[in-house]
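A short write-up of the structure that comes next.
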Amino acid sequence: MRETDFSERVLDWFDQHGRKNLPWQQEITPYRVWVSEIMLQQTQVATVLDYYQRFMATLPDLKALAEAPEDEVLHLWTGLGYYSRARNLHKTAHILMQQYEGNFPASVEQLEALPGIGRSTAGAIASIALGMRAPILDGNVKRVLSRHWAVEGYPGESAVARQLWDLAERLTPTERVNHYTQAMMDLGATLCTRTKPSCLLCPVVASCKAHILGREQDFPTPKPRQTVPQKHVVMPLLVDAQGCILLYRRPSTGLWGGLWSLPELESLSALPLWAQRHGITLGLQQPLAEISHRFSHFQLQIEPWLVQVEAAAVGIAEADWLWYNIKQPPRLGLAAPVKTLLKRVTHHIDQGTAA
DNA sequence: AAGTCGGGGCC
DNA sequence: GGCCCAGACTT
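Going by the numbering used here, the first sequence opens with residue 2, and the numbers climb by one from there.
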C-alpha cells in the first residue's frame, strides 16, 4: 500500500474515534504541548492527567515556569517519577527565555538540542504544536509500525530502530501532521495495545503483516533478558529390573502443572535418604550429560543421573507415581526435558537389560 | 551498547 | 513479582 493510503486511513479513524478531549489537546500552545510530552515520557495518560492540571494551574506559561524555584517544579512533579524530567524542563525554560526570547525554536534539530527533548519528543512538539512534518517514534508508534510491517528484532538495537524511524518518516503525511501524530499514539494506546490488540477495530488491519501472520504478540520483540535467574536440580532416572523409569505427576497448578516428571533433588547426596524414604534399594549410579532448560522467567540446569534400582517397595505405586515403560510408553504428558532424557537413555537401558 | 531513572498498572 | 509504559541521558 502507498504511504498516503496508510495515513489517510489513520486520519479517518482519528476523526471518528480518536481522543480529542485530553487537557493538552485544548488551547494548544507549544508550552502546553511540551509539558504534556515530557510528562508522558514513560508514563501513561491516566497517571499524567492530575499532574498536568495541577502543573498548568500553577505554572500556566513559559515565563511562570522559568521564574519558579526548582523546588516548586519538583514539588509539582512529586510522585510522577523520573525527576530529571522536571529539572530538564526547568533548565529548558531558562534557555528558551534567555536564548530564544521566550519562543520555541521551529526546527527539530534545535528542539532536540534542548535538555529533556529527544528525537521523538522533538517530533511530537514540532508536529502537534508547530504543524511541521516531523515523525515520532514512541512506544505506541513502535508497536503499531513493528506489527504492521512485521519488523523483527528488539527496537533497542540500532539497526531495528533505524528501520522503524525510516518507516515513521516515510509514512508521516504532509497534511494534518498534528492529527496524524496524535492518531498514531491513540492507535497504539487504545487499539494496538501490548496485549490483546483490538484488530477488528483497526483502520489498517487489512495490510497489517503481524495480523495476517497471526503473530501480533511477536511484535515488537521484547527486550532481551539480561540476567536470567539460574536454578539447579538433580534428576535421578531410577531404572528397575524391567527397564522402567520412575516418574511422578506434578501438582495441577504451577510449573509443569499436571505433567509427569522425574524426581527432583537439590543434590545427589540427598538421593540415599530419599530412596530409603520411598522404600527403594539403589544399585549402580552413572551421571548423564547435563540439560539446560530455559523458562520464560528462569533457567534450569538439570543434572541427570541414571540409577539402577535393585528393589522397590510397592508403596511407591500410588496414584501420582508410575514406572514408565520406555518400550511401551503410555500416552501421557511429559515435561519437555524429561521427554528428552527418556529418549536419550533408551539405548542405555536396552544394553542394561540385555546384559 | 548498556545502565539509570521511578511510580503505577497489569497479568 | 516481573514487565512495560507518550524516552532521554550518561557512561
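For glycine and all other residues, C-beta sits at the position ideal for the given N, C-alpha and C. Fair warning: this is a prediction, and the values are worked out from it, not measured in the lab.
> Would the beta-carbon of residue 280 fall within 8 Å of that of residue 314?
Replying inline: yes
>> Pull the bridge partners of residue 304 from the DSSP assignment, please.
In response: 235
> In three-state DSSP terms, what is residue 124?
Replying inline: In this structure, DSSP gives residue 124 a helical state, which the three-state scheme calls helix.
> Among 40, 179, 59, 305, which residue has its Cα nearest to the Cα of residue 233?
Replying inline: 305
> What residue from 86, 52, 32, 48 has the CA that sits closest to residue 65's CA?
Replying inline: 32
>> In this structure, how does DSSP classify residue 83 when only helix, strand and coil are distinguished?
In response: coil
> Which whole-angstrom value is the C-beta distance of residue 272 and residue 266, which I expect to be below 8 Å?
Replying inline: 6 Å
>> Given this structure, state the Cα-to-Cα distance separating residue 95 from residue 128, to the nearest angstrom.
In response: 23 Å
>> For residue 200, which residues in the same chain have their Cβ closer than 6 Å to its Cβ, ignoring the five residues on either side in sequence?
In response: Closer than 6 Å at Cβ, skipping near neighbours: 206, 212.
> What did DSSP end up calling residue 44 once you bin it into helix, strand or coil?
Replying inline: Three-state DSSP puts residue 44 in coil, outside helix and strand.
> Assuming residue 244 contacts residue 303 under a Cβ cut-off of 8 Å, what Cβ separation, rounded to an integer in Å, is found between them?
Replying inline: 21 Å between Cβ atoms; not a contact.
>> Less than 8 Å between the C-beta atoms of residue 192 and residue 203, yes or no?
In response: yes
> With DSSP run on the structure shown, which of helix, strand or coil describes residue 284?
Replying inline: strand
>> With H, G and I counted as helix, E and B as strand and the rest as coil, what does DSSP make of residue 179?
In response: helix
> What are the start and end residues of the alpha helix (DSSP H) that includes residue 66?
Replying inline: 63-68
>> Helix, strand or coil for residue 309? Go by DSSP, reduced to three states.
In response: strand
>> Does residue 6 come out as helix, strand or coil in the three-state DSSP assignment?
In response: helix
> So residue 38 and residue 122 are in contact, right, with Cβ under 8 Å, and what is the actual spacing, rounded?
Replying inline: 5 Å
> In angstroms, rounded to a whole number, what distance separates the CA positions of residue 155 and residue 168?
Replying inline: 16 Å
>> If I follow the unbroken alpha helix (DSSP H) through residue 213, where does it start and stop?
In response: 210-214
> With respect to the beta strand (DSSP E) encompassing residue 323, which residues constitute its N-terminal and C-terminal limits?
Replying inline: 322-326
> So does the region 174-193 actually touch the region 133-144, counting three or more Cβ pairs closer than 8 Å?
Replying inline: yes
>> Can you tell me whether residue 200 is helix, strand or coil according to DSSP?
In response: Three-state DSSP puts residue 200 in a helix.
> Apart from the five residues on each side of it in sequence, which residues of its chain come closer than 6 Å, Cβ to Cβ, to residue 146?
Replying inline: 165, 168
>> Quick check on residue 117: buried or exposed, where buried means 16 or more other Cβ atoms within 10 Å of its Cβ?
In response: Note on residue 117: 16 or more other CB atoms within 10 angstroms of its CB, so buried under the neighbour-count rule.
>> For a test of the three-state rule: what should DSSP assign to residue 250, helix, strand or coil?
In response: strand
>> Rounded to whole angstroms, what is the Cα-Cα separation between residue 356 and residue 242?
In response: For residue 356, the pLDDT reaches just 38, beneath the cut-off of 50, and the residue's location in the model is therefore unreliable, although a value from the coordinates is still provided. In a straight line, the C-alpha of residue 356 is about 11 Å away from that of residue 242.
> Can you name, in chain order, every residue of its own chain whose Cβ lies under 7 Å from the Cβ of residue 224, other than the five neighbours on each side?
Replying inline: Contacts found: 155, 157.
>> Taking the alpha helix (DSSP H) that residue 224 belongs to, which residues open and close that run?
In response: Run containing residue 224: none; DSSP gives neither H nor E here.
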